[in-house]
Amino acid sequence: MDLTTLSETALQDVRGKRISHIFQNPQNGLNPVYTVGRQIGEAIRIHDHGDPEVPVQRQVVDLLDKTGIPEASARVDDYPHEFSGGMKQRVLIAMALACDPDLLIADEPTTALDVTIQGQILRLLEDLQAEHDMGIIFVTHDLGVVSEIADRVVVMYAGKVMETGTVEDIFRNPSHPYTRALMDCLPGRGGSMDRIEGSLPDVTDPPAGCRFSPRCEHATEACRSGDQPPLWGVDDGDTHEASCVYYDAEHDEGELADGEDATGGHQ
Ligand code: SF4
1 MDLTTLSETA LQDVRGKRIS HIFQNPQNGL NPVYTVGRQI GEAIRIHDHG DPEVPVQRQV
61 VDLLDKTGIP EASARVDDYP HEFSGGMKQR VLIAMALACD PDLLIADEPT TALDVTIQGQ
121 ILRLLEDLQA EHDMGIIFVT HDLGVVSEIA DRVVVMYAGK VMETGTVEDI FRNPSHPYTR
181 ALMDCLPGRG GSMDRIEGSL PDVTDPPAGC RFSPRCEHAT EACRSGDQPP LWGVDDGDTH
241 EASCVYYDAE HDEGELADGE DATGGHQ
C-alpha cells in the first residue's frame with residue numbers, strides 16, 4: 001500500500017490502528033495536562049476499537065498491566081509527571097498497542113533511558129511482538145541494541161539504504177564501507193568516530209552518486225556520478241545486499257579489503 005497517495009480519511013484508518021509509533025523521548029510523547037488513562041483511552045475511542053462490552057477504562061487498565069505498570073488500576077488516573085522515564089515509556093507502548101497494530105515503529109525508544117531500564121523495555125517489546133504477532137521497525141544508532149533485538153537489519157545513511165541482511169549477515173560479514181566503519185567505531189575494535197572523517201551531507205542537496213562517497217576511503221570517480229548504486233547481492237546470499245559499486249558483477253568484493261590498494265587504481 002502506497003501511504004503517500006492515501007486520503008486523510010484513509011490514512012486515519014492506518015494511523016494507530018494498523019501502524020503505531022513510539023517516540024524517542026517519552027516525556028515529549030505524553031500530554032502533561034491529561035491523565036495517562038485518558039490519553040490511552042482516546043486511541044481506543046477514536047478508532048472504535050476493542051470489545052464494546054468492556055468499558056474503555058477497563059481496557060486501558062489491562063493495557064497498562066500488560067506493559068508492566070504495577071498497580072495499574074491505581075495508576076490509570078495519574079498524570080505523566082507522576083511516572084518515571086521508564087514507566088512513561090511503558091505508558092507510550094500501551095498507547096501504541098491500544099488498537100492492536102500490525103506494525104509498530106519504535107524510534108529510538110530506549111535512548112533516553114538508563115541501561116537497566118533499556119534492557120527491560122527491549123524484553124517487553126520482544127514479548128509483546130510475539131504475543132501480538134506484529135512487526136516492529138526498530139530505529140536506533142546503537143549497534144548493541146540491534147544485535148539483541150533485530151532479525152533483519154537495514155543500514156541507512158543520509159536517507160538511503162546502504163546495506164541490508166539478517167542480523168548474522170550484518171554482524172558476521174559487514175560489507176558496505178559505511179557499515180564496516182560503523183563496526184570499527186564499536187568499543188574494543190580499536191577504532192573511534194574519527195574512523196569516518198567528514199560529516200553528513202545535506203539531505204536536501206545530496207552529493208551525486210553514492211551518498212557516502214565524500215567520506216568513503218574506497219570511493220572512485222564512478223561513485224561520484226549518477227544515482228545511489230543499486231543493492232547488489234553479497235556472498236551469493238539471497239538475504240544480504242549492499243549498495244556499493246564493489247558488489248556489482250564487474251568487481252571482486254575482495255577489492256574492498258581494508259588498508260589495501262588492491263583495486264588497481266582505487267584509493
Ligand atoms: S559505492 Fe563507492 S563511495 Fe559508495 S560505499 Fe561503495 S566504494 Fe564507497
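Take the sequence shown: its position 183, counting from 1, is numbered 183 in full-length UniProt numbering, and each next residue is one higher. Heads up, the beta-carbon is just placed ideally off N, CA and C, and yes, glycines get one too.
Query                                                                                                                                        : Result
Alpha carbon to alpha carbon, what distance is there between Thr-111 and Gly-264?                                                            : Bear in mind that the predicted position of Gly-264 carries a pLDDT of just 34, short of 50, making it unreliable; the figure below should be weighed with that in mind. Each residue's Cα considered, the two are about 43 Å apart.
May I ask whether a heavy atom of the ligand SF4 can be found less than 8 Å away from the beta carbon of Gly-209?                            : yes
How should Asp-169 be labelled, buried or exposed, when 16 other C-beta atoms within 10 angstroms of its C-beta is the threshold for buried? : buried
In whole angstroms, give me the CA-to-CA distance for Val-203 and Glu-253.                                                                   : 28 Å
Our contact map puts Ser-20 next to Ala-96 with C-beta atoms below 8 Å; I'd like the distance itself, whole angstroms only.                  : 4 Å
May I have the straight-line CA-CA distance separating Thr-5 from Leu-113, to the nearest angstrom?                                          : 36 Å
Using the beta-carbon count (16 or more within 10 Å), is Asp-261 buried or exposed?                                                          : The predicted model places Asp-261 with a pLDDT of 38, which falls under 50 and marks its position as unreliable, so this point remains unresolved.
Buried or exposed, going by whether 16 or more other CB atoms sit within 10 Å of the CB of Arg-90?                                           : buried
Say whether chain C places a C-beta atom closer than 9 Å to the C-beta of Gly-226.                                                           : No chain C is present in this structure, which holds just one protein chain.
Can you have a look at Val-76 and say buried or exposed, based on whether 16 or more other CB atoms are within 10 angstroms of its CB?       : buried
Taking the straight line between their C-alpha atoms, what separation do you get for Cys-185 and Val-14?                                     : 38 Å
Given the structure, does Cys-185 come close to the ligand SF4, in the sense that its CB is under 8 Å from one of the ligand's heavy atoms?  : no
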